[in-house]
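In the working numbering, the protein residues as written are 370 to 503.
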């Protein structure tokens with residue numbers, strides 16, 4: 370049972386997932402700091418207040434919390450988009466699979482050459498026939 374657990378934990382996709390979770394948590398802290406310390410103060414300059422949660426309430430319905438969540442989601446989504454775009458530009462498609470042209474048998478290549486020659490001969494005969502009619 371311990372051996373199976375060790376094999377499960379050492380498989381590549383489990384380790385990749387663990388690394389992704391750790392990096393995602395760290396990136397989340399960066400985005401939270403970006404939102405709290407840079408973007409929200411800029412929004413405060415426009416609206417005068419960034420505490421939507423307590424400021425925007427109507428009859429006990431705190432729609433300000435919902436608006437704050439939407440703003441956070443949009444900012445985080447944009448930050449992730451920019452991060453992925455930068456990584457893609459930096460790696461120059463290193464993670465993309467390149468299409469491998471299937472290997473064609475020699476017989477198929479010879480048959481294609483014969484077909485092309487027959488088409489050329491047919492075109493020449495057709496031109497000769499058209500000249501004879503004129």
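The beta-carbon is built from N, C-alpha and C at its ideal position, and this holds for glycine as well.
Remember, predicted model here, so these are calculated numbers, not experimental data.
What separation, rounded to the nearest whole angstrom, lies between the Cα atoms of residue i and residue j?
i           : j           : result
residue 416 : residue 400 : 21 Å
residue 476 : residue 457 : 41 Å
residue 388 : residue 426 : 40 Å
residue 450 : residue 393 : 14 Å
residue 395 : residue 376 : 27 Å
residue 371 : residue 390 : 24 Å
residue 409 : residue 428 : 26 Å
residue 444 : residue 454 : 15 Å
residue 406 : residue 414 : 13 Å
residue 494 : residue 487 : 10 Å
residue 383 : residue 373 : 14 Å
residue 470 : residue 442 : 42 Å
residue 468 : residue 386 : 27 Å
residue 502 : residue 492 : 16 Å
residue 439 : residue 473 : 54 Å
residue 431 : residue 461 : 46 Å
residue 484 : residue 496 : 18 Å
With DSSP run on the structure shown, which of helix, strand or coil describes residue i?
i           : result
residue 344 : With the chain covering only 370 through 503, there is no way to say anything about residue 344.
residue 370 : coil
residue 377 : helix
residue 473 : coil
residue 450 : helix
residue 468 : coil
residue 442 : helix
residue 396 : helix
Between the beta-carbon of residue i and the beta-carbon of residue j, is there less than 8 Å?
i           : j           : result
residue 459 : residue 403 : no
> Residue ranges of each alpha helix (DSSP H) run of no fewer than 4 residues wholly in the stretch 405 to 439, ordered along the chain?
Replying inline: Complete alpha helix (DSSP H) runs here, min 4: 409 to 416, 421 to 424.
>> Assess contact between the stretch 427 to 447 and the stretch 475 to 489, defined as three or more Cβ pairs (one per stretch) separated by less than 8 Å. Is contact present?
In response: The stretch 427 to 447 vs the stretch 475 to 489: no contact.
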